[in-house]
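Participant: Per the UniProt record's numbering, the sequence shown starts with residue 1, numbered consecutively.
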Amino acid sequence: MLGAMVTRAESAAATRRALLDAATELLDHGGPEAVTVREVGARAGVTRGAPYRHFADKDSLLTAIAAEAWTRIGDRVHALRTDPALPAADALRGALHTLIDVGRQQPHLYQLLFRPPGYRIARLDQVHRKLCGPAGDPAAADRAAERFQDEFLAVVAALVGPGPARHYGALLLTSAHGMAGMELSGHLDPEKWHTTSDDLVDTLVTMVTGKATQGQVPVNTKAHRNIA
1 MLGAMVTRAE
11 SAAATRRALL
21 DAATELLDHG
31 GPEAVTVREV
41 GARAGVTRGA
51 PYRHFADKDS
61 LLTAIAAEAW
71 TRIGDRVHAL
81 RTDPALPAAD
91 ALRGALHTLI
101 DVGRQQPHLY
111 QLLFRPPGYR
121 IARLDQVHRK
131 LCGPAGDPAA
141 ADRAAERFQD
151 EFLAVVAALV
161 GPGPARHYGA
171 LLLTSAHGMA
181 GMELSGHLDP
191 EKWHTTSDDL
201 VDTLVTMVTG
211 KATQGQVPVN
221 TKAHRNIA
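1. Can you give me the Cβ contacts of A13 inside the same chain, cut-off strictly under 8 Å, excluding the 5 residues immediately before and after it?
2. What separation, rounded to the nearest whole angstrom, lies between the Cα atoms of C132 and P162?
3. Leaving out five residues on either side along the sequence, give the residues of the same chain with a beta carbon under 6 Å from the beta carbon of A88.
4. Assuming L92 and V155 make a contact with CB atoms under 8 Å, what is their CB distance in whole Å?
5. For I73 versus T36, is the C-beta spacing smaller than 9 Å?
6. Report the start-end ranges of each alpha helix (DSSP H) in the region 32-119 that is 4 residues or longer and not cut off at the edges.
7. Could you tell me the distance, in whole angstroms, from the CA atom of D75 to the CA atom of T15?
8. Is the beta carbon of V40 sitting closer than 9 Å to the one on A23?
9. Apart from the five residues on each side of it in sequence, which residues of its chain come closer than 6 Å, Cβ to Cβ, to R43?
10. What's the gap between the Cα of V80 and the Cα of I100?
11. Using the rule of at least 16 other Cβ atoms within 10 Å of the residue's Cβ for burial, across every protein chain shown, is P51 buried or exposed?
12. Pick helix, strand or coil for A14, following the three-state DSSP scheme.
13. In chain order, what residues of the same chain have a beta carbon less than 8 Å from the beta carbon of P190, not counting five sequence neighbours either side?
14. Three-state secondary structure (DSSP) at G210?
15. Counting along the chain, where does the alpha helix (DSSP H) carrying G169 start and finish?
16. Can you have a look at S11 and say buried or exposed, based on whether 16 or more other CB atoms are within 10 angstroms of its CB?
17. Could you have a look at L188 and say whether DSSP puts it in helix, strand or coil?
18. Output yes or no for whether 9 Å exceeds the beta carbon distance between R38 and R53.
19. Which residue comes first and which comes last in the alpha helix (DSSP H) that contains D142?
20. How many angstroms separate the CA atom of L19 from the CA atom of H167?
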C-alpha cells in the first residue's frame, strides 16, 4: 500500500515537472502569450485534464516558473556568498552577472520575473481558479525573490558593511536591471557607447569597493531631512 502511494506521489511529481519544463520551453520561445494550459499539456504528453490537477490556470504555471527561477538565482548568489575562496568583490560581481545573464539567455523569463506588482490575471482565469483549483501558491515567487534579495544584501554587506548595504544594494540592483533592460531593448549598443554590461559591472563594483575602503557611508537623505 505504501509502495503504491509513493509511486503515485512520484508519478504526480514527474507530471508536474514535465508540465513546468514544457511551460518554460514555450515561454522561452514565444513569451507568456505562447504559454497556454492546453499547449503545455500537449507538449508534456499528458491528458487534457492532467494540467489542471497541478495548476489552476496559466497564471499558476507562470508563477511556479518564476518561483523556480528566483530560487535558482538565490541559490547561485548563496553559493557565491558562502565560497570561502572568493573575495567579496568577486562574489558581488558574480551576483550581478547572475541576474544580467538571465536577461541575456532567457529574456522572456527575465521580463516575467520583473512584471509589475499590479499585474492581475484575466477575469475568466480568476473564475476558473475559484471553480477548479488547486489554487497553488501565488506568493511563492515573491518569497523566492525576497530570499534572493536577502542573499544579495549579504553579499553587499560583506564588502561595504551592514550599515550602507541597503543603499549600495539598491544602487547595484537597479543598475544591473537597467543594464539588462537596455541590452534586451538593443539600446546598449557597444558600437555607440564603447562599453558593455560586463565593463559597467566592473566599474560599479570598483566604485563601491573604493567608497567602502575610504569609509564613505552614504547619508540617508530622508532621515537627514527629518532630523533637520
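Think of the CB as a built atom: it goes at the ideal place given N, C-alpha and C, for glycine as much as any other residue. Small disclaimer: the values here were computed from a predicted structure and weren't measured.
Facilitator: A quick look at the data gives this:
1. In the sequence shown, the residue the question calls residue 13 occupies position 13. Excluding residues within five positions, none has a Cβ falling inside 8 Å.
2. Start at 1 with the first residue of the sequence shown, and residue 132 comes out as number 132. Start at 1 with the first residue of the sequence shown, and residue 162 comes out as number 162. Residue placement at C132 is flagged as unreliable, the pLDDT there being 41, under the threshold of 50; the coordinate-derived value follows with that caveat. Cα to Cα, C132 sits roughly 47 Å from P162.
3. Within the sequence shown, the letter at position 88 stands for residue 88. For A88, same chain residues with a beta-carbon under 6 Å away, outside a window of 5 residues either side, are A158 and L159 in chain order.
4. Looking up residue 92 in the sequence shown gives position 92. Looking up residue 155 in the sequence shown gives position 155. At roughly 5 Å, the Cβ-Cβ gap stays under 8 Å, so L92 and V155 are in contact.
5. By 1-based counting over the sequence shown, the position of residue 73 is 73. By 1-based counting over the sequence shown, the position of residue 36 is 36. Not a contact, by the Cβ cut-off of 9 Å.
6. 37-44, 58-81, 88-105 and 107-113, all fully within the region 32-119.
7. Translated into positions along the sequence shown, residue 75 becomes position 75. Translated into positions along the sequence shown, residue 15 becomes position 15. Taking the straight line joining both Cα atoms gives about 24 Å.
8. Residue mapping note: residue 40 aligns to position 40 of the sequence shown, counting from 1. Residue mapping note: residue 23 aligns to position 23 of the sequence shown, counting from 1. Yes, they are a contact pair.
9. Residue numbering aside, residue 43 sits at position 43 when the sequence shown is read from its first letter. So the qualifying residues of the chain are A22.
10. Stepping through the sequence shown from its first residue, residue 80 is reached at position 80. Stepping through the sequence shown from its first residue, residue 100 is reached at position 100. It should be pointed out that residue 80 corresponds to Leu in this sequence rather than to Val. Each residue's Cα considered, the two are about 15 Å apart.
11. The sequence position of residue 51 within the sequence shown is 51, counting from 1. It counts as buried.
12. Here residue 14 refers to the residue found at position 14 of the sequence shown. It is helical.
13. For the purposes of this step, residue 190 is identified with residue 190 of the sequence shown, where counting begins at 1. Around P190: T196.
14. Locating residue 210 in the sequence shown gives position 210, where the first residue counts as 1. Note: G210 maps to helix in three-state DSSP.
15. For the purposes of this step, residue 169 is taken as the residue at position 169 of the sequence shown. For G169, the uninterrupted alpha helix (DSSP H) segment begins and ends at A165 to S185.
16. As a position in the sequence shown, residue 11 is number 11, starting the count at 1. By the neighbour-count rule (16 or more Cβ atoms within 10 Å), S11 is not buried but exposed.
17. Numbered from its first residue, the sequence shown carries residue 188 at position 188. Coil, per DSSP.
18. By one-based count along the sequence shown, residue 38 stands at place 38. By one-based count along the sequence shown, residue 53 stands at place 53. Result no, Cβ atoms of R38 and R53 do not sit closer than 9 Å.
19. Within the sequence shown, numbered from 1, the residue matching residue 142 stands at position 142. Start and end: A140 to V160.
20. The residue given as residue 19 occupies position 19 in the sequence shown. The residue given as residue 167 occupies position 167 in the sequence shown. In a straight line, the C-alpha of L19 is about 40 Å away from that of H167.
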